[in-house]
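In full-length UniProt numbering, the protein residues as written are 1 to 270. These notes concern the structure reproduced below.
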């Protein structure tokens, strides 16, 4: 099966420079709907769903293949190869920031830039490192998924949009989370929240922009600062937004910062 069909690839825009938007754990490509219109005039906007998420083909998910970040990165590389894309701009939310990093390490010629939104090289706390979650927190999240997936969806929607007075937006995000396969999402959660890419950061050679909310319970400022300090060729911007989904709550700010970075840093340096 073609990757474009398998991963429900959608293409928008009038430009020729490809910009790929990758959703994070528990979501699908619709999470970007408030951001992407700002790119239609000048870019070829590419959206997709990871295997087992959104409207990806039934049966596309394999727990063995997606037991690490590698399987997710291989899918994106497969999509890019099928579409003959190179020198693309990759925008990854949360876990997808590390998918972008994996692509940058394995196939740097495919990416002009890796833009990470609310990304972390390691979500779990350790001695000397604050990732945001204790192992006990992760166990509670997984137990909640097992016992009451709908309750978990509501909890995560609140966490993603913390301190944001937007009941309708939270309800829509809750529905998106609830619509995903509980089994796939649980496996995805274990991969995302136990991932550790810290030792790989120093190998990066692709220009990267790190966008971080000023308050994010899943990715605290300390994790964002660690990423900035250890990732070569990167620069970071602290958003005015709060929560783990600024592309939902503050789409104009996210869009403006990405466009400014592309136009001021990427095009002027080429």
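The C-beta atom is built at its ideal place from N, Cα and C for all residues, glycine as well.
According to DSSP, residue 43 sits in a beta bridge with which residue or residues? Looking up residue 43 in the chain shown gives position 43. Answer by DSSP bridge pairing, in chain order: 17.
Identify every residue that forms a DSSP beta bridge with residue 12. As a position in the chain shown, residue 12 is number 12, starting the count at 1. Bridge partners of residue 12: 45.
What is the rounded straight-line gap between the Cα of residue 153 and the Cα of residue 170? Locating residue 153 in the chain shown gives position 153, counting from the first residue. Locating residue 170 in the chain shown gives position 170, counting from the first residue. Near 10 Å, if we compare the C-alpha coordinates of residue 170 and residue 153.
Same chain, Cβ closer than 6 Å to residue 207, five either side skipped, listed in chain order: Stepping through the chain shown from its first residue, residue 207 is reached at position 207. The residues 113 and 233, in chain order, have a CB closer than 6 Å to that of residue 207 in the same chain once the five nearest residues on each side in sequence are set aside.
Would residue 132 pass as a contact of residue 116 if the rule is Cβ separation under 8 Å? On the chain shown, residue 132 is found 132 positions in, with the first residue counted as 1. On the chain shown, residue 116 is found 116 positions in, with the first residue counted as 1. At a Cβ-Cβ threshold of 8 Å, residue 132 and residue 116 do not count as neighbours.
In three-state terms, what does DSSP make of residue 247? As a first step, residue 247 must be located in the chain shown, where it is residue number 247. Here residue 247 sits in helix by DSSP.
So, at 7 Å on beta carbons, what are the nonlocal neighbours of residue 220 in its own chain, with the 5 sequence-adjacent residues on each side left out? Residue numbering aside, residue 220 sits at position 220 when the chain shown is read from its first letter. Contacts found: 130 and 132.
Using the three-state DSSP reduction, which class does residue 200 fall into: helix, strand or coil? Working through the chain shown from its first residue, we reach residue 200 at position 200. Note: residue 200 maps to helix in three-state DSSP.
Does DSSP classify residue 195 as helix, strand or coil? Locating residue 195 in the chain shown gives position 195, counting from the first residue. In this structure, residue 195 counts as coil in the three-state DSSP scheme.
Assuming residue 215 and residue 164 are in contact, meaning their beta carbons sit under 8 Å apart, how far apart are those beta carbons, in whole angstroms? Locating residue 215 in the chain shown gives position 215, counting from the first residue. Locating residue 164 in the chain shown gives position 164, counting from the first residue. No, residue 215 and residue 164 are not in contact; Cβ-Cβ is about 10 Å, not under 8 Å.
Would you check if the distance between the CB atom of residue 77 and the CB atom of residue 7 is smaller than 8 Å? One-based indexing of the chain shown puts residue 77 at position 77. One-based indexing of the chain shown puts residue 7 at position 7. Taking 8 Å as the cut-off, the beta carbon of residue 77 is found no closer than this to the beta carbon of residue 7.
Buried or exposed: which applies to residue 102, given that a residue is buried once 16 or more other Cβ atoms fall within 10 Å of its Cβ? Indexing the chain shown from 1 puts residue 102 at position 102. With 16 or more other Cβ atoms from the protein chains shown falling within 10 Å of its own Cβ, residue 102 counts as buried.
First through last residue of the alpha helix (DSSP H) which encompasses residue 91: To locate residue 91, count along the chain shown from 1; it is residue 91. Where residue 91 is concerned, there is no enclosing alpha helix (DSSP H), although the beta strand (DSSP E) it sits in stretches over 88–93.
Reduced DSSP secondary structure (H/G/I, E/B, other) of residue 209: Walking along the chain shown from the start, residue 209 turns up at place 209. If DSSP states are grouped into helix, strand and coil, residue 209 belongs with the strands.
Locate the beta strand (DSSP E) running through residue 115, then write down its first and last residues. For the purposes of this step, residue 115 is identified with residue 115 of the chain shown, where counting begins at 1. Note, residue 115: beta strand (DSSP E), 111–117.
I need the boundaries of the alpha helix (DSSP H) containing residue 165, first residue and last residue. Looking up residue 165 in the chain shown gives position 165. Residue 165 -> no alpha helix (DSSP H), and no H or E assigned at all.
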